[in-house]
Amino acid sequence: MTINWYGEGCFKITEGGVTMLVDPFDKDTGLSIPRSKTDIVLKTITKAVTVEDDKPLGGFADDSFVINGPGSYEVKGVGITGWQLVKNSNEKESKAVYRVKFGDLVLGFLGHISEFNDAEIIEELDEIDILFIPGGNAPYISQEVASKLIRQIEPRLIIPTHYAVQGLKRKADNTESFVKAVGAKAEQVDKLSIKKKDLPEKTEIRIFTL
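Just so you know, we're using the working numbering here: the sequence shown kicks off at 5 and counts up by one.
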């Protein structure tokens, strides 16, 4: 499996000839919009806008399979289950988290969570190999809350999202305090190639650079 990061919560993940793009963003972020052909688009937040405006962003094909809410899906051998975050959602936007079985790895995406106390969903996020979780504080969960969730979910690898990088217009904290809060070994990568057998026995962090 190969994982590339474009900033915020946007990742391109490729395994066995299948590509999934997670949370593509628009130019308002100040970051470069990803341009890539993809089979699956996974969105953890959906705005209450017109159908035309709510099309996935980025340069992917119109026939990409778009997942933007709760439910169970099977796309090109990738198994995806999503749950709505009711307390995080409102009339303007709906948020979801996902468990994704991609090849022989299980991925967890906590997306744009601003609070998270649903014990039932935590139980569903079992046997997560790689957890994608906000690591830059407000407007999403604090680094301390993220650390607590990590201890509950017990992933093998942690990939923080939504942290400060050059060019990002909004305010966000860096990953130094996140690493301190989590208390796990951390390494910087520009991209990640990983197999099941390469997962560390003890939880570690991988921090992406742009």
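Even glycine gets a Cβ: it sits at the ideal position worked out from N, Cα and C.
Could you have a look at S197 and say whether DSSP puts it in helix, strand or coil?
-> strand
Mind reading off the beta-carbon distance from D133 to L109? Whole number of angstroms is fine, and I expect it under 8 Å.
-> 5 Å
Distance, Cα to Cα, R155 vs V169?
-> 26 Å
Inter-residue spacing [alpha-carbon to alpha-carbon] between Y10 and P74 | 24 Å
Run through the stretch 22–104 for me and flag every whole beta strand (DSSP E) of 3 or more residues, listed as ranges in chain order.
-> 22–26, 44–46, 49–51, 69–71, 75–79 and 82–88
Return the chain-ordered ranges of every beta strand (DSSP E) run that is complete within the stretch 144–208 and spans a minimum of 3 residues.
-> 161–165, 189–193 and 195–197
Selection from V22, V90 and I84 that minimises the alpha carbon distance to M5 = V22
Return the chain-ordered list of same chain residues with a C-beta closer than 6 Å to the C-beta of V104, the five sequence neighbours on each side being excluded.
-> I84 and L111
Roughly how many angstroms lie between the CA atoms of D58 and A176, to the nearest whole one?
-> Confidence at D58 is low in this model, with a pLDDT of 46, below 50, so the placement of that residue should be treated as unreliable; the coordinate-derived value is given next. Roughly 25 Å between the two C-alpha positions.
How about L35 and L196: are their beta carbons less than 9 Å apart?
-> no
Over what stretch of residues does the beta strand (DSSP E) that includes I17 continue unbroken?
-> C14 to E19
Does the Cβ-Cβ distance between K96 and K51 come in under 9 Å?
-> yes
State the DSSP-derived secondary structure class of I7, mapped to helix, strand or coil.
-> strand
Exposed or buried, what is A142 when buried is set at 16 or more other beta-carbons lying within 10 Å of its beta-carbon?
-> exposed
Can you give the Cα-Cα distance for P164 and I44, rounded to whole angstroms?
-> 21 Å
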